[in-house]
């Protein structure tokens, strides 16, 4: 029985878009300043809180964000995504600024709540024609790297001047969030 | 020009070559083709990595059980799949498997020996079967099985050797990343539009 010509070139693992899937997935989380600031703020806040929050928060964020991304991919609507992302920068920046120390569960809940908005935005923006699994791997690694940047910055928390610098960074994130919020309303 | 293209297309349709879906040809023989196939198939690599991490977290006895059960089950499933003509593509099931294994790693659940061996048998048989239906060949499957043995030995032994609390936390973080990847894979599998 004749096969379609396309089958002659059916060499799975070298599908169109697959070569760029890992790279584009990695670059996607770091392509928007609002996402970048929020995720770095999560890392800094975790570093301020110390163990176990320093690893629990960056673990919570990617998992819940992936859940939000799944909702976005499946076409489940979520209202006010851009506003939610802007508010996440305001709140997370303010928490870093205040060096807030809520109970661990509450901290994880706050981070997880905002992660849904970030994930949903990414999920609805994912380009067609990419290798889903390679894109997903790059996406999660990119997100993890941003948290790692925040945690690394947070290492200066051991010094008093470093604590001041981190709180100033929180103020910058919160102010940027206000800017994102105004832009989202426009 | 159109005639030439039409003739070429007709030739392709009427005299098709061999469909090589999911096969990687290295030129080094079927064993290396199998090794390359596994290495270039993240749908296979990630669950195996998750299982090896989990086995390592569960201790040396579980590590040894998975080390031997997984390759044997993979080879058995693959040999059975060789006689099947259809190719199963179940990305949602693969993602669900990875989700469960990644969650167990993230939660640092220590598995009983029997459960670890059972998981290895089920995972190996299922993925091996898929490899078999992709016509990897007995030698190619042998290459995959050998690779599995090496990968599980290295990863599980490394995790077993970890003593510092932060190092086990790093393994759990890796598990959470696998959960995130699997959830996105599910989203891709059921993508709207």
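Chains as they are written, first to last, in the working numbering: chain Z, 1 to 186; chain D, 1 to 193.
Heads up, the beta-carbon is just placed ideally off N, CA and C, and yes, glycines get one too.
Quick one: what does DSSP say residue i is sitting in, helix, strand or coil?
i, result
"residue 190 of chain D", "coil"
"residue 109 of chain D", "coil"
"residue 102 of chain Z", "coil"
"residue 163 of chain D", "coil"
"residue 163 of chain Z", "helix"
"residue 145 of chain D", "helix"
"residue 186 of chain Z", "coil"
"residue 194 of chain D", "With chain D represented from 1 up to 193, any question about residue 194 of chain D goes unanswered, as that position is not in the structure."
"residue 134 of chain D", "coil"
"residue 168 of chain D", "helix"
"residue 80 of chain Z", "coil"
"residue 83 of chain D", "coil"
"residue 188 of chain Z", "In the structure as shown, chain Z starts at 1 and stops at 186, and residue 188 of chain Z therefore has no counterpart that could be examined."
"residue 70 of chain D", "helix"
"residue 178 of chain D", "helix"
"residue 126 of chain Z", "coil"
"residue 10 of chain D", "A caution first: residue 10 of chain D carries a pLDDT of 45, below 50, which makes its placement in the model too unreliable to give a value."
"residue 104 of chain D", "helix"
List the endpoints of the continuous alpha helix (DSSP H) containing residue i.
i, result
"residue 44 of chain D", "42-58"
"residue 37 of chain D", "30-39"
"residue 41 of chain Z", "33-49"
"residue 54 of chain Z", "53-73"
"residue 144 of chain Z", "132-154"
Between the alpha carbons of residue i and residue j, how many angstroms are there, rounded?
i, j, result
"residue 165 of chain Z", "residue 43 of chain Z", "15 Å"
"residue 168 of chain D", "residue 173 of chain Z", "32 Å"
"residue 183 of chain Z", "residue 43 of chain D", "40 Å"
"residue 167 of chain Z", "residue 45 of chain Z", "10 Å"
"residue 94 of chain D", "residue 179 of chain Z", "42 Å"
"residue 40 of chain D", "residue 78 of chain D", "17 Å"
"residue 97 of chain Z", "residue 182 of chain D", "34 Å"
"residue 38 of chain Z", "residue 113 of chain D", "42 Å"
"residue 177 of chain Z", "residue 28 of chain Z", "19 Å"
"residue 21 of chain D", "residue 30 of chain D", "Unreliable placement is indicated for residue 21 of chain D, whose pLDDT of 46 sits below 50; the coordinate value is still reported in the next sentence. Straight-line Cα distance between these residues: approximately 15 Å."
"residue 28 of chain D", "residue 130 of chain D", "23 Å"
"residue 151 of chain Z", "residue 188 of chain D", "30 Å"
"residue 124 of chain D", "residue 102 of chain D", "16 Å"
"residue 139 of chain D", "residue 108 of chain D", "36 Å"
"residue 145 of chain D", "residue 53 of chain D", "18 Å"
"residue 155 of chain Z", "residue 142 of chain Z", "20 Å"
"residue 181 of chain Z", "residue 80 of chain Z", "11 Å"
"residue 153 of chain D", "residue 46 of chain D", "15 Å"
"residue 55 of chain Z", "residue 102 of chain Z", "16 Å"
"residue 123 of chain Z", "residue 146 of chain Z", "18 Å"
"residue 155 of chain D", "residue 71 of chain D", "15 Å"
"residue 32 of chain D", "residue 158 of chain D", "25 Å"
"residue 142 of chain D", "residue 34 of chain Z", "49 Å"
"residue 149 of chain Z", "residue 40 of chain Z", "6 Å"
Give the single residue among the options whose Cα lies nearest to the Cα of residue i.
i, options, result
"residue 65 of chain D", "D/185, D/115, D/99", "D/115"
"residue 83 of chain D", "D/132, D/30, D/151", "D/132"
"residue 26 of chain Z", "Z/155, Z/181, Z/140", "Z/140"
"residue 74 of chain Z", "Z/153, Z/120, Z/145", "Z/120"
"residue 110 of chain D", "D/189, D/48, D/58, D/128", "D/58"
"residue 105 of chain D", "D/38, D/179, D/187, D/147", "D/179"
"residue 115 of chain Z", "Z/47, Z/52, Z/83, Z/158", "Z/83"
"residue 158 of chain Z", "Z/104, Z/50, Z/146", "Z/50"
"residue 65 of chain Z", "Z/31, Z/136, Z/153, Z/106", "Z/136"
"residue 176 of chain D", "Z/148, Z/60, Z/92", "Z/60"
"residue 125 of chain Z", "Z/110, Z/62, Z/68", "Z/68"
"residue 57 of chain Z", "D/173, D/162, D/121, D/55", "D/173"
"residue 185 of chain D", "Z/162, Z/132, Z/161", "Z/132"
Worksheet item: Got a sec: which bits of the segment 24-48 of chain Z sit with their beta carbon under 8 Å from any beta carbon on chain D, in order along the chain?
Response: The segment 24-48 of chain Z vs chain D, Cβ under 8 Å: nothing.
Discussion item. Tell me which residues of the segment 138-157 of chain D have at least one Cβ-Cβ distance to chain Z shorter than 7 Å, keeping chain order.
Written reply: Those would be none; no residue qualifies.
Practice prompt. Would you list, in chain order, the members of the segment 101-123 of chain D that have their beta-carbon closer than 8 Å to a beta-carbon of chain Z?
Written response: Flagged, chain order: 106.
Discussion item. Counting only Cβ-Cβ distances shorter than 8 Å, please list the residues of the segment 166-180 of chain Z near chain D, keeping chain order.
Written reply: Across the segment 166-180 of chain Z, no CB contact with chain D closer than 8 Å is found for any residue.
Fill in: Residues from the segment 180-191 of chain D in contact with chain Z, defined by Cβ distance under 7 Å
For chain Z, the residues of the segment 180-191 of chain D that bring a beta carbon within less than 7 Å of one of its beta carbons are 180, 181, 183, 184, 185, 186, 187, 188, 190, 191, in chain order.
Fill in: the segment 51-74 of chain D: positions lying closer than 8 Å to chain Z by Cβ
When CB distances to chain Z are screened at a threshold of 8 Å, not a single residue of the segment 51-74 of chain D falls below it.
Worksheet item: Residues in the segment 130-141 of chain Z with C-beta within 7 Å of chain D's C-beta atoms, listed in sequence order?
Response: Flagged, chain order: 132, 133, 134, 136, 137, 139, 140.
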